[in-house]
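Undergrad: For the sequence shown, this note's numbering gives the first residue as 19, with consecutive numbering after it.
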Amino acid sequence: MTILITGAAGRTGGYAVRALLERGHRVRALVHRADERAERLTAAGADVVVGDLHDLDAVSRATEGVDAAYFVHPIAPGLLDATAVLLQAAEENGVGALVNMSQISARRDAGSNAACQHWLGERLLDHFAGTVTHLRPTFFAEWLVLFPDFAAGELRLPFADARHAPIAAEDQGRVIAAVLADPAPHAGKTYPLFGPVELDHHAITEAMSRALGRKFTYVPVGLDEFRADLERRGHPAHRVQHLVNVAVDYRNGIFAGTNDVVRTLTGVEPLTVEEFVKRNRGEFRS
């Protein structure tokens, strides 16, 4: 098969590219810019093309001769426009299957604008003539790299004592590859994706501490402090609105749960928090 991976320089897309190449498929990798990440994809054997998901001509060229495609969009304005562009291009070029990266908080009445747009995007893609599969992951394990105060050894987040089972992008990449390689059994399915163990953030920082050999502590904070910290770090307004509202969802149990989807679809147990941290030790700055 020839398979298109959008967002191929990103976390889930990059892992999906490698998993599909290992399976012997031809992979076309759509990236936003030609940089070192794109060069690594080329070196791995992917056909790298540069283009914008909002550019219909570029996406049409990227989908020519493609059997199946993976769609992912960052937490940024323009999700629904990009969804419509991909849908049109896929229809024009006879793409047979789409795998869509949504999120577990996607629903009609979501407080997050991005989560509501993901739900609407799912409904748009449901009209696709080929097969469609939606993936709805809980919070990525990669959050643990982005949010700690490494100097203080603190993880300051507004999640109270609620729980979730962090899922690594690596495991999601294997799921994406498995569905794209054999789309028919997954037609019309929506798969919530979880890691193997549901934890609160006190237990998560204990696992981080064991893996890194230094103490990390979870410090619950309020929503206003979290919003102010995001704004101080320079996050755009659309992302801040999303992250604050999904923090409320998290407290309300929207991100909780576990299942066996990763193991069932890939034959591989998903990474625990401790395994993820050990595997990505270099990304945890001292």
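Yeah, the Cβ is synthetic: ideal placement off N, Cα and C, and Gly gets one too.
Hey, how far is the Cα of Ala205 from the Cα of Thr151?
TA: Start at 1 with the first residue of the sequence shown, and residue 205 comes out as number 187. Start at 1 with the first residue of the sequence shown, and residue 151 comes out as number 133. Approximately 6 Å between the Cα atoms of the pair.
Undergrad: Go through its chain and collect everything with a Cβ distance to Leu142's Cβ below 8 Å, but skip five positions before and after it.
TA: Sequence index remark: in the sequence shown, residue 142 carries index 124 (1-based). Excluding positions up to five away in sequence, the list reads Leu98, Thr101, Ala102 and Leu105.
Undergrad: Does the beta-carbon distance from Phe234 to Val279 come in below 9 Å?
TA: In the sequence shown, residue 234 corresponds to position 216, counting from 1. In the sequence shown, residue 279 corresponds to position 261, counting from 1. Contact flag unset, no.
Undergrad: Please identify the residue among Phe146, Glu82, His219 and Thr81 whose C-alpha is closest to the C-alpha of Leu162.
TA: The residue labelled residue 162 in the question sits at position 144 within the sequence shown. Selected option, being the one with the closest Cα: His219.
Undergrad: Going by the beta-carbon positions, is the gap between Glu188 and Tyr33 smaller than 9 Å?
TA: For the purposes of this step, residue 188 is taken as residue 170 along the sequence shown, with counting starting at 1. For the purposes of this step, residue 33 is taken as residue 15 along the sequence shown, with counting starting at 1. It is a contact, given that the beta carbons lie within the stated cut-off.
Undergrad: Using beta-carbon positions only, say whether Gly69 and Ala76 come within less than 9 Å of one another.
TA: Within the sequence shown, numbered from 1, the residue matching residue 69 stands at position 51. Within the sequence shown, numbered from 1, the residue matching residue 76 stands at position 58. Their beta carbons are under 9 Å apart, which means Gly69 touches Ala76 by this criterion.
Undergrad: Are there three or more Cβ pairs, one per stretch, closer than 8 Å when the region 171 to 189 is compared with the region 260 to 279?
TA: Yes: at least three Cβ pairs fall under 8 Å.
Undergrad: Between Pro210 and Gly129, is the Cβ-Cβ spacing less than 9 Å?
TA: As a first step, residue 210 must be located in the sequence shown, where it is residue number 192. As a first step, residue 129 must be located in the sequence shown, where it is residue number 111. Going by C-beta atoms, Pro210 is not nearer than 9 Å to Gly129.
Undergrad: Would DSSP call His152 helix, strand or coil?
TA: As a working mapping, residue 152 is identified with position 134 in the sequence shown. The answer is strand: DSSP assigns His152 an E or B state.
Undergrad: Which same chain residues, not among the five before or five after Glu140, have their C-beta less than 7 Å away from its C-beta?
TA: Indexing the sequence shown from 1 puts residue 140 at position 122. Closer than 7 Å at the Cβ level, and outside the excluded window around Glu140, lie Asn118, Ser120, Ala124 and His152.
Undergrad: Can you look up Ile9 in the DSSP assignment and give me helix, strand or coil?
TA: Because residue 9 is not part of the residues shown, which for the chain are 19 to 304, the question remains open.
Undergrad: Mind checking Ala147: buried by the 16 CB within 10 Å criterion, or exposed?
TA: Here residue 147 corresponds to residue number 129 of the sequence shown, with the count starting at 1. It counts as exposed.
Undergrad: Let me know if His145 comes out buried or exposed under the rule of 16 or more other beta-carbons within 10 Å of its beta-carbon.
TA: Residue numbering aside, residue 145 sits at position 127 when the sequence shown is read from its first letter. Exposed is the call here.
Undergrad: Where does the unbroken alpha helix (DSSP H) through Phe244 begin, and where does it stop?
TA: One-based indexing of the sequence shown puts residue 244 at position 226. Phe244 -> alpha helix (DSSP H) spans Leu241 to Arg250.
Undergrad: Does DSSP classify Thr290 as helix, strand or coil?
TA: Numbered from 1 along the sequence shown, position 272 holds the residue referred to as residue 290. Reduced to three states, the DSSP call for Thr290 is coil.
Undergrad: Helix, strand or coil for Ala308 per DSSP?
TA: Lying outside 19 to 304, the shown extent of the chain, residue 308 is not represented and no answer is given.
Undergrad: Is Pro166 near Leu241, with beta carbons less than 9 Å apart?
TA: Position 148 of the sequence shown holds residue 166. Position 223 of the sequence shown holds residue 241. No, Cβ-Cβ distance for Pro166 and Leu241 is not below 9 Å.
Undergrad: Roughly how many angstroms separate the alpha carbons of Glu216 and Glu82, rounded to a whole number?
TA: As a first step, residue 216 must be located in the sequence shown, where it is residue number 198. As a first step, residue 82 must be located in the sequence shown, where it is residue number 64. The straight-line gap from Cα to Cα measures roughly 42 Å.
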